[in-house]
Each structure stands twice: as C-alpha cells, then as structure tokens.
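Please read the structure below before turning to the comments.
In structure tokens form, the structure reads like this:
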C-alpha cells in the first residue's frame, strides 16, 4: 500500500467515526445543558462552593463567574509550581522559576497548554495531576459553558438571562468530559500508553551516558489532553513520544477525540435553537475548511521536489516514521484548526507551505471545528459577520436565527475578530524589533521569522503548539506569551457574552420572503468565503514575510 493511499484511508476512517458519534453525542450534550435536574455529587459541589445552580445569570454575572474561577485557577497553579520543591511526589524536581510558572499557569488555565519546559524533566506527579490535569478538564468546561451561553442568547427572547455558569461548568466537567476521558484512557492503555506513578529509573545507555525516564499517569492525561483540545504533553516530545502515542492506531485514535466534541457541538447548537438544519450549516462550514486544509497539507507534503524526497516517498523530515506523512498531515491540521496544540510531528520541519498551513489554521481563529466551545462561539461570531455582509449586499437589515444584527451586535462581533490579530501582530513586531528576543531564534531569514510569528499566533489563539526551533524559555517570551494567552482567551469572551446578552433581550423577528436562509448551502459558501477573506486580508503581509517567502524560495 502506498503512503498516499494509506493517508486517504485513515482520513476516511476518521470521517466515518466522527459521523457515527455526531448525532448521539450532540443530542446528549444538548440534554446535559438543558436539564433542570442535578446529580447528587453536583449538589455537593454547589454546596461546597456556595453556588445556587438554579439562579439565572445575566451576561455580566456570567462573565464575573468565568473570570473569578479562572483567576483562582491561575493563582492556584502558579503557587503549586512555586512550591513543587517541598511537595511530595515531586520526583526530586525543584520549584519552577517565577516567569515560567506564570507562563504555565496562564497556559493551562486558558486552554492553551503552551509548554516552555521539558515535562519529564520539570514537573512531578503532584503538579502534573493535581495542577495540569485538573486544568485540562475545567478550562475546557469553561469554553463549553461560554459557547452554551451564546447559544442560549440565540434561543431565548425578551430576557437577558443566559443560564448559570457554575451549573454549566460542573455539568460539562462531570457529565461530558470525565466520562469520555475514562473511556479514552482505557483505550489508550490498551494501545500501550503508560499509566503509573513510578519514579525516575534508568533504561539503558544513550550516546555514551545513562538514559533516564520517569513514569506518570500519562494515559489519563493524554485522554483529556485530546478530548478537551488542550494539547499539553506529559513528555516534551508530546504525541510523538512512544509513551504517549505508541502505534499508528493510537495516533489515529488520538485525532478522533480532538475533533469529536467541537464537531458534535454544532448538533447541540441546532437542537438548542430548535433547528438542526442550522447546526448542519455550521457543521458544513467547519467540515469544508477542515477537509480542504487536510487535502492541501497532504499535497504540500507529498508533492515533494528533489531526489531524496522522491526516494523517501514524501517530506519525512520531522515526522514519525511510525505514522507516515499522511497521518502526520491529518494530525497537524486537526491540532491547529482546533485549540489543541498536541503534535505528533514537528511543524518547523514541514515544507515551507506546509508550515504556513498550520499557521493559517490558527489564524482563522481555530473555528473549523475549533476548540471545545471556543470553536462554536468563534464560528457563530463569523456567522454574524457573514449575515451582516449579506445584509449590506441586498440593502436589508441583517437577521440571524430570528434576531436582528444591529449596531451593537456588529460592533461586538467586530471587536471579537480584531483582538487576536492585534495581539499576534503587535507582539511579533515587538519581538522582531527588539534585540534580545531575536537571540532565541535557531534559524534566520523567513524561517526564523516564522518561528516567532507561529509562537505568538499559537499563544494568542490559545493553541499551544510550537513551531520548534525557538527557545521560548526566557523572561521575555514567558512573560509576553503568558500575557497574550490571557488576553487572547478572556477579552474575546467578554464580547461573546455581551453579544449573547444583547441577543437574549431581543424579541424574535418573523421570517419573511426576504429573510436570508442561513441553513442553505448558499450561506455556507458565503460563510466560508468571509472567513478566508477576512483572515487573508489581516494576516497576508505577515505570512508573506514568513512561510510564503520560504515556500516560494524552495
């Protein structure tokens, strides 16, 4: 079997698995967020934190809950790292330096999971499990809660109430993320992923010295790392490490949980707004972009030049020979079009255009299908923009799902789409202009610029993957990337929740002959075009200086 055919067959198997899970998982999540009943364990949690889960919140109160919980998470995770040296189960590792502890705390609380450290050489069992793994669950649940709040904004009328943040957070964690993670962890253990709490031990000679490895609860963390679109690996090599991803089957399986919740949330959206066709329209948009990016990535990595690449059958540099070019291409696109950031290959070693595709996937806002929750609310914001554009074209007041898109709504949507490009471009420009940050680049020229552009794109869009080659463990990068993660996560949430509150207060607009049918393929095409054009106009100059220049020169 040729490598191209193998990649295509894996892609088809993945699509089939996602299709099978779409309806049942989407319906289940809609039921979870619409139920008025509480589990006993949930009642204990509400009592412990002093929250009334039946109290409806307007958007400012919902936002305060999001921010208060996230601030507490940052502080707790920061202190846990700073105290690691005196904690049991630290494996003898010292406390984390202040700038790196801030970066890591901001990273995991914002669902970014950027890592400027070697996991197996820095973090003990307590920090990994009580700190990082916990945030893998709750940061994903926060994103899902904000998405559900926006969906309620479309579904409700004549009220500013969006539900209860604490109820949405607890239910998302206990009823959705935790059960799926248990199943995924069992599968991963069966595939050979390790799960233990062993200490550091020697495993043999390596390059003239003893090679040492430590164990860990890897399978359980790997499961929520993918299901919650987190991406932070137990080991520095991430999903290219055989302890995290041992076989071609485990590799394909790990792509599935990355995509399953973000895609299925479109079904949840359709059920909650009372029109599954609207959910299918959003799904079609996400799937079209994702499949197009996979096909383009495979083409750039298989359409190689030069006798060495032709003899190898593809651009194998930086890729695991266990998985091949096709599987690595699917993984790279899936992880950068979501907010996952996990890697089974090194994007810096992709072809020039291939590296640009991974970057562009994040620059789209990671909405195809995006992170758990963040992908859905990001796509719905783009749908609002597309409806507005359509309204301008026909001279009619834009409407979406029976709600008028007026001045307030379009201002909030516009502010949302401007936040992350501003962070990416301003921080990249500052890093290139100052003398010290450039010393962290391994490469010069277009590829060196791509290293820095990729880092700030990853941080600002809460992805977490790295281009490799950039030494990001410096005070400058730890601090600025941490700030970019926090602003890139929570400032957009302000606009999302404000938009949800504005929509929920409106009365429904009746459908007329002039209403844009947003469940039709025409709207899907308009939405895809709006996404690509807006992103292209925003980032094209920066891409031209980095991956495009490198790709055209090769």
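Residue numbers (the working numbering): 476 to 1029. For each residue, glycine too, the CB sits at the ideal point set by N, CA and C. Because the structure is a prediction, the values reported are computed rather than measured.
Measuring alpha carbon to alpha carbon, tell me which of the options ends up nearest residue i.
{"i": "residue 649", "options": "673, 722, 617 and 631", "result": "617"}
{"i": "residue 875", "options": "952, 482 and 625", "result": "625"}
{"i": "residue 522", "options": "642, 497 and 593", "result": "642"}
{"i": "residue 721", "options": "736, 546, 664 and 942", "result": "664"}
{"i": "residue 951", "options": "905, 963 and 923", "result": "905"}
{"i": "residue 730", "options": "1027, 490, 991 and 480", "result": "490"}
{"i": "residue 594", "options": "816, 535 and 713", "result": "713"}
{"i": "residue 955", "options": "519, 548 and 591", "result": "591"}
{"i": "residue 644", "options": "526, 829 and 633", "result": "526"}
{"i": "residue 795", "options": "709, 811, 825 and 770", "result": "825"}
{"i": "residue 515", "options": "857, 646 and 740", "result": "646"}
{"i": "residue 916", "options": "897, 944, 940 and 939", "result": "944"}
{"i": "residue 769", "options": "611, 532 and 482", "result": "482"}
{"i": "residue 1021", "options": "907, 1003 and 977", "result": "907"}
{"i": "residue 726", "options": "1025, 1010 and 486", "result": "486"}
{"i": "residue 975", "options": "533, 836 and 488", "result": "533"}
{"i": "residue 620", "options": "991, 500 and 509", "result": "509"}
{"i": "residue 535", "options": "639, 512 and 869", "result": "639"}
{"i": "residue 985", "options": "517, 877 and 949", "result": "877"}
{"i": "residue 738", "options": "502, 580 and 979", "result": "502"}
Along the alpha helix (DSSP H) that carries residue i, what are the first and last residues, could you check?
{"i": "residue 614", "result": "609-630"}
{"i": "residue 522", "result": "515-524"}
{"i": "residue 999", "result": "996-1020"}
{"i": "residue 752", "result": "751-777"}
{"i": "residue 578", "result": "573-584"}
{"i": "residue 877", "result": "Run containing residue 877: none; DSSP gives neither H nor E here."}
{"i": "residue 846", "result": "First-last for residue 846: undefined, no H or E at that position."}
{"i": "residue 498", "result": "478-509"}
{"i": "residue 810", "result": "799-812"}
{"i": "residue 646", "result": "640-646"}
{"i": "residue 832", "result": "827-838"}
{"i": "residue 594", "result": "594-597"}
I'd like the list of long-range same chain contacts for residue i, defined as Cβ closer than 8 angstroms, with 5 residues on each side in sequence excluded.
{"i": "residue 559", "result": "565, 568, 569, 570, 571, 598, 599, 601 and 602"}
{"i": "residue 505", "result": "742, 743, 746 and 747"}
{"i": "residue 999", "result": "756, 759, 760 and 763"}
{"i": "residue 613", "result": "544, 548, 644 and 648"}
{"i": "residue 841", "result": "811, 812, 813, 814, 849, 850, 853, 936, 937 and 938"}
{"i": "residue 751", "result": "742 and 745"}
Identify, in the order they occur along the chain, each residue of the same chain with its Cβ nearer than 7 angstroms to the Cβ of residue i, setting aside the five sequence neighbours on each side.
{"i": "residue 724", "result": "666"}
{"i": "residue 786", "result": "Model confidence at residue 786 stands at a pLDDT of 49, short of 50, so the residue's coordinates are unreliable and nothing is read from them."}
{"i": "residue 872", "result": "866 and 879"}
{"i": "residue 702", "result": "652, 655, 656, 659, 732 and 736"}
{"i": "residue 772", "result": "804, 807, 808, 829 and 832"}
{"i": "residue 1005", "result": "857, 860, 861 and 864"}
{"i": "residue 520", "result": "645"}
{"i": "residue 989", "result": "871"}
{"i": "residue 588", "result": "582, 705, 706, 707, 816 and 939"}
{"i": "residue 420", "result": "Since the first residue shown for the chain is 476 and the last is 1029, residue 420 is missing from the structure and cannot be characterised."}
Taking 6 angstroms as the limit between beta carbons, can you name the residues of its chain near residue i, skipping five residues before and five after?
{"i": "residue 562", "result": "601"}
{"i": "residue 895", "result": "935, 936 and 963"}
{"i": "residue 1096", "result": "Because the chain in this structure spans residues 476 to 1029, residue 1096 falls outside the shown range and cannot be described."}
{"i": "residue 753", "result": "745 and 994"}
{"i": "residue 942", "result": "822, 823, 926 and 929"}
{"i": "residue 783", "result": "Model confidence at residue 783 stands at a pLDDT of 49, short of 50, so the residue's coordinates are unreliable and nothing is read from them."}
{"i": "residue 843", "result": "761, 764, 765 and 812"}
{"i": "residue 946", "result": "915"}
{"i": "residue 885", "result": "863"}
What are the start and end residues of each continuous alpha helix (DSSP H) run of 4 or more residues lying completely inside the segment 904-971, in chain order?
List check, alpha helix (DSSP H) in window: 920-935.
Quick one: which unbroken alpha helix (DSSP H) runs of 4-plus residues sit fully inside the segment 530-559? Chain order, please.
Along the length of the segment 530-559, whole alpha helix (DSSP H) runs at least 4 residues long occupy 534-557, reported in chain order.
The segment 574-592 in contact with the segment 685-699 per 3-pair CB rule at 8 angstroms:
Touching, no.
Within 8 angstroms, do at least three Cβ pairs link the segment 885-905 to the segment 961-969?
A contact exists between the segment 961-969 and the segment 885-905.
Answer yes if the segment 544-564 comes into contact with the segment 896-912, meaning at least three C-beta pairs across the two stretches below 8 angstroms, and no otherwise.
Segments in contact, no.
Can you give, in chain order, each stretch of the alpha helix (DSSP H) that sits fully within the segment 654-733 and has at least 4 residues?
With a minimum length of 4 residues, the continuous alpha helix (DSSP H) runs that stay inside the segment 654-733 are 693-702.
Say whether the segment 763-779 touches the segment 847-866, bearing in mind that this needs 3 or more beta-carbon pairs closer than 8 angstroms, one atom from each stretch.
Below 8 angstroms, too few C-beta pairs join the segment 763-779 and the segment 847-866 to call them touching: fewer than three.
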